[in-house]
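The block underneath contains the structure these notes are about, expressed in structure tokens.
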Amino acid sequence: MMKSPALAAAPVSLAANEVRIQGKSELLLCASLFYFRIPRALWRERMLQLKAFGYNAIDVYFPWNYHEPEEGQWDFAGEKDVRAFLQEAHETGLFVVARPGPYICSEWDGGALPAYLSAVEGMRLRDNDPLFLAATAKWFDRILPVLKAYEIGSGGTIVAVQLDNELDFYGCKDPRGYISALREMALERGIAVPLIACAGQGGLMEASGFADGVVPTCNFYPNDRDRAFEEKVGRYQELLAGKGLPLLVTETNRSHFLLRRLLSCGAKLLGPYLQVSGTDFGFTNATNNWGKPLAFLTSDYDFGGMISPEGHIRPEAYEGRLLGRLMAAYGATLAEAAPAEQGTMRTLAAPEGAAAGSRALKLRDGGYLGFVSNVTEETAAVVLEIAGTRIPQRSTLRLERWRSLALPVGVPLRAWGIEGTLLHATAELWSCRKLGSKTVLAFHAEGQGEIVLNIEGATVLETSGMDADEAAGALMLTFDSSEDAACRIALPDGSVLELIAMDRSRALLLEEIGEGGELRFGEMPDHRKEAVELDIPWTFSPVEADRPLSTSRRHGFSAGGAGYLESYGIQRGYGWYVAETEPPQAAEPQGLLVRNGSDVLSLYAGKRYLATIVPGGSSRYVPFADPATDGPIPIPITVRAEIWGHSNFDDIRLPGLRLHAGKGLTGLATVTKVIPLTGNWRVKAATDREPKEEWIGRTADEALWPIVSFGGWLSSARPALEYYRNRFQAAGDANCWTLHFDGLQASVHVFVDGKDAGPVHPGDPYVDLSAFVQPGEPVQLAVFMDRQPGPAAGKVTLYEGVAANRWEIFSGEEEQLHAHAQSLQEAASVRLPVQLEAGDMGWLIGAVGHSNGGKGWRVQAKGSNLKLTALFNGRLVGRIWLQGSRSRPFFTGGSQDSFYVPGPWFREEAGQLALLLEAVDGEAPSVLEELSFRPV
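If you count the sequence shown from 1, you need to add 88 to reach this note's numbering.
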């Protein structure tokens, strides 16, 4: 493709098969490295680790809500010093793909959108909406000038800036308008490197709007062994090449087996997500739809990438180094390679299903690099044809399971300063070293291998472990990789070419080829360490669980209904609702109804613990124990609401999983009567979905309608469309009525006396009828049901009662929790185990005497039925919910029972570990049996 002078002069330019940075073609092997999940003192160490294991680039999100913890309050100091992070990247020589959002996903609280946005009436998040764009502009005013200062050629190494993130997963009404608006903001603030927009599920249009000046990129998360993967990726490569753009894979799985398959399709950016793991310090976890559907993200943010949260190098890192060396060995000829024409590479023989996606790249300077991948569980012997050359010819090409090889065919040796051709090899060329007048080319194989060269005038000087055979102007070298092999060849110009071959397992461990040609090997580290017995004097102080912490912030008193915590300016941490209700004197309270609750709600009546619930944004009925044995229910009602995290993904199946969902609750009622309504409904089959006034109103000619249980009408229609009618008498001294469809597996729509009360679905099977019911009056219910034959309609229950109407709201974040732990006056010395009664809380505090040489500790908790919030020297380092509670949600993301205490956060080799323990109701006792300290 002809490049214009302006394009060629740009710091970063893109073409169909090329990414050129400051005039040099580059293949980007790019690992996620998130400053907000790694202590600042370890940023450079992580970068150097990545560079040592083959990576030349990092991608990094910039979380808006991390830098604006309160509306209008900005923080870029200390651990949040973005300039310092980008300077470290510049000094270590890593390219940077910057991803400032405004939305980032990343399993981070709210996808980094500040929670206060959800309280702005009428705002449409992530869309071409003036309110949202005005808020985003304030964030871009802060972050984009920093990114501009660290662009490549301007003092840094940023080579691209991403706008939003995987917009095709979201219901954006105007993606082109939205992305265009973000583009204009970026250009107005001086961004000169390419602007990109990534697609999460392949919707390039939905993710980028194909906005002018914005490059669509792809995120792929396949099964690594998907046989059809290359075919899918190839189609995207062709589409983008037709627009003069390269295939940039901004996110994908972490296995280098998959990365090789992507490379074979012509990808120029390989971006495995989260090769460097970390920790969600503070209240920064997210909730999302990785469960059924609700999931809580652990504080440990670790998907098994090649570097652990503590900085341990894992075996996959050595695969990264091998791939990085291969890319460096071929250099620009591979960086500018294009997918070869169809039919260039064929699999002639292989076990069924083994050789998936055999593809070839046409190298810029001539020749091909053929990729063959074994997606099966078994070792496979294969025979290939690449550009008319049959491979192998004298040996056996063996592919171990989950292995992908890049095999050269017809490659000119001039890329390495030698006149001649590498005709073919069944071993992978993965390293080149120039040592004065000697050039060393390193190959690896598993089992037999062959290397065929054509170098006119060359002479074999000596071989070791290789057989050399010259015929028809070609030199064929065969070997078995069970032993290291070598061949020294004298070249016509007096220089020497040395070929070395080794087993792949040895290539993984090769540290360097020395100046004298010696090979230096290392070993994979074993980071498995036994726990160390630390002499920690523990103290325990009980906390009054039925009231807000004494150090909490009061957010005022309100009458009437409650609101989500965000409406009171509470965006993270804990919130407390202290409510009063006045049920009728003659009525015996049956339980509490929580409206729209999330994330973790612990309920107390007076000092009596009732339950801990995780409603997922839906409502929930909590029955009281038998008042005859426990006595009357005291007031006030206190609800401790923990914001585990705002959803980082938008999922309509559960109210709490919407991106704009609030946390806490919107109301509370004392239920005085539980009315079963499953039986004796009148039913009428319908032929369309248009509401029939004569069937939903207060009166209807229903005398001939059959009487069945709710959802009990058997129909041959598909779908079955039915109206159900029932009635109840509202109590004169109640003001709150809620209908619950327990076990519902259909869509229903509720009408009260002909008025639309709204839809109900399985993820939120409650509907509030209070606005439509007159106390003391009869109430006519009509329910329209739309379902397929088979799914259950569930049981119908009416909760009648009195809503709380006087509220006090409190909050406690990291600062308030630390202040409370420090304010304790009386603490008893204890030894583990520590056991609590359900509903109790307390602080377990101990002094950790040393930092393990500045490296820190992995602390593992053993016990049951407890929530732990861990602060180290005032910083929240982890939240854990131990097994044993029926309320415990599904957890994902990393370790569920341990947290990382960073060595750099010790103060003069000492630190205070404070654990806030919360006992919840469950099948097992609430006990902390042991805390194990494993050296990092």
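All C-beta atoms, glycine included, are put in the ideal place defined by N, C-alpha and C.
Values in this document were obtained by computation on a predicted structure and should not be read as measured data.
The alpha-carbon separation between residue 142 and residue 181 amounts to approximately 12 Å. Sequence-distant Cβ neighbours of residue 252 in its own chain, meaning closer than 6 Å and more than five residues away, are 191.
Beta-bridge analysis with DSSP links residue 532 to 516, 590. In the DSSP secondary-structure assignment, residue 434 is bridged to 473. When the Cα atoms are used, residue 312 and residue 319 turn out to be separated by approximately 14 Å. Taking residue 748 as reference, the option from 199, 676, 297, 896 with the minimal CA-CA separation is 199.
The DSSP-derived three-state label of residue 542 is strand.
In the three-state scheme derived from DSSP, where H, G and I count as helix and E and B as strand, residue 499 is classed as strand.
The beta carbon of residue 384 sits closer than 6 Å to those of 375, 732, 977, 979, all from its chain and outside the five residues before and after it, given in chain order. Residue 363 counts as buried, since no fewer than 16 other beta carbons sit within 10 angstroms of its beta carbon. Excluding the 5 residues flanking it on each side, residue 256 has same chain C-beta neighbours closer than 7 Å at 287, 288, 289, 291, 294, 295, in chain order. Taking C-beta separations shorter than 7 Å and ignoring five residues to either side along the sequence, the partners of residue 893 in its chain run 647, 648, following chain order.
With fewer than 16 neighbouring CB atoms inside 10 Å of its own CB, residue 792 falls in the exposed class. For residue 211, the three-state secondary structure derived from DSSP is coil.
By the C-beta density criterion, residue 955 is buried, having at least 16 other C-beta atoms within 10 angstroms. Non-local C-beta neighbours of residue 130 in its own chain, meaning closer than 8 Å and more than five positions away in sequence, comprise 399, 990, 992, ordered along the chain. Looking at 1011, 756, 529, the one whose alpha-carbon comes closest to that of residue 601 is 529. For residue 984 and residue 588, the gap between their C-alpha atoms comes out near 46 Å. In the three-state scheme derived from DSSP, where H, G and I count as helix and E and B as strand, residue 153 is classed as helix. Looking at the backbone, the Cα of residue 519 and that of residue 661 are separated by about 51 Å. DSSP places residue 929 inside the beta strand (DSSP E), whose first and last residues are 929 to 936.
Scanning its chain for C-beta atoms nearer than 6 Å, with the 5 sequence neighbours on each side dropped, one finds around residue 159 the residues 204, in chain order. In this structure, residue 841 sits near residue 785, with a CB-CB distance shorter than 9 Å. Setting aside the 5 residues that flank it on each side, residue 110 is surrounded in the same chain by 99, 240, 241, each with a C-beta closer than 7 Å to its C-beta; the list follows chain order.
Between the alpha carbons of residue 795 and residue 768 lies a gap of roughly 5 Å.
By alpha-carbon distance to residue 902, the top candidate from 960, 418, 864 is 960.
In this structure, DSSP gives residue 324 a helical state, which the three-state scheme calls helix. Residue state for residue 424 is assigned as coil, using DSSP reduced to three classes. The shortest C-alpha to C-alpha distance from residue 580 to any of 672, 548, 760 is the one to 548. Residue 634 and residue 154 have their C-alpha atoms roughly 31 Å apart.
Cβ neighbours of residue 789 within its own chain (closer than 8 Å, five residues either side excluded): 782. Going by C-alpha positions, residue 246 is about 43 Å away from residue 689.
With fewer than 16 other Cβ atoms from the protein chains shown falling within 10 Å of its own Cβ, residue 787 counts as exposed.
Pairing residue 422 with residue 457 gives a Cβ-Cβ distance under 9 Å. If you check the CB distance, residue 135 and residue 176 come in under 9 Å.
Nearest to residue 999 by C-alpha distance, out of 1015, 147, 937, is 937.
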